[in-house]
Structure formats: structure tokens, C-alpha cells
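Chemist:
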Amino acid sequence: MSVSSQAKLPIKMLNDRLLVKISKEDGERRSSGGIVIPATAQVAKRLVWAEVVALGQNVRAAEAGDNVLFSPDDRFEVEVQGEDYIMLRERDLHAVAASRIEGSTGLYL
7 MSVSSQAKLP IKMLNDRLLV KISKEDGERR SSGGIVIPAT AQVAKRLVWA EVVALGQNVR
67 AAEAGDNVLF SPDDRFEVEV QGEDYIMLRE RDLHAVAASR IEGSTGLYL
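In the numbering used here, the protein residues as written are 7 to 115.
1) Here's the rule: buried if 16 or more other CB atoms are within 10 angstroms of the residue's CB, otherwise exposed. What is V26?
2) Can you have a look at L15 and say buried or exposed, based on whether 16 or more other CB atoms are within 10 angstroms of its CB?
3) For F82, which residues of its own chain have a beta-carbon under 6 Å away from its beta-carbon, when the five flanking residues on both sides are left out?
4) I'd like to check one pair, R95 with E69: are the Cβ atoms closer than 9 Å?
5) From R23 to G39, what does the alpha carbon distance come to, in whole angstroms?
6) Within the same chain, show all residues whose beta-carbon is closer than 6 Å to that of L99, passing over the 5 residues directly before and after it, in chain order.
7) Per DSSP, which one or two residues make a beta bridge with Y91?
8) Just verifying my parser: in three-state terms, what is the DSSP assignment at D97?
Laid out in C-alpha cells, this is it:
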């Protein structure tokens, strides 16, 4: 029995896993000349921001709705109901941006 043949099932994230979604704008960039640079283009080691959609019970540093910074090399892609998401471990996060966090670095998104 395949998952696609069943009715919609609820999903529970486990342990330290996060399900995040990269916005369409963040997936592609434009050069100063207007050329579209796809998200898959290799440009040094560029980190990516994404929004947390769901998280496991052991995640402590982020909450649903937060923006997190991670390396695209540390990701696993998954499709849920026709939408593409990325599965991460909490230890793969480099930073968390949220309104509830005190501005200790002086940097803001």
C-alpha cells in the first residue's frame, strides 16, 4: 500500500527534525545584470534562509514560523501534497531569526 493511494494523513515530526519551506524568491537570485541564477547553481558555500513549517518534540532553538539559516548541502527534499519541503536536523541550523529573539547581534532581517 503506497502513501499516495491513501487519504490525507497527519504527519508528526520526530526527534530533532524540522520541516522547512524555501520561498520562491529565495530559491532563485538575479545578478546585477538581471540574469536569473537558479538555486541549484554552485556559488561557493552559500547558506539559505527558510521558514519552519513543522518540528519534532526535541527541537529547542526554533518554533513554527521562524526563519532558519542552513547549508543546502545538509538537506533532504520531500514532497507533501504537491508542495516541496526540506527536512533538516536541528544541529544543521546556523541561525534562527524570529521576533521573539532579543537583538543581541545587531543584525535584522
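Ideal Cβ placement from N, Cα and C applies to all residues, glycine included.
Modeler: Taking the structure as given:
1) By the neighbour-count definition (other C-beta atoms within 10 Å, threshold 16), V26 is a buried residue.
2) When all chains shown are included, L15 counts as exposed.
3) Close CB contacts of F82 within its chain, under the 6 Å cut and outside five residues either way in sequence, are with M93 (chain order).
4) No. Outside cutoff.
5) Near 39 Å, if we compare the C-alpha coordinates of G39 and R23.
6) Excluding sequence positions up to five before and after L99, its CB lies within less than 6 Å of the CB of V74 and F76, all in the same chain and listed in chain order.
7) Residue pairing from DSSP places Y91 in a beta bridge opposite V84.
8) Residue identity check: residue 97 is Arg in the sequence provided, not Asp. In the three-state reduction of the DSSP assignment, R97 falls in the helix class, which pools H, G and I.
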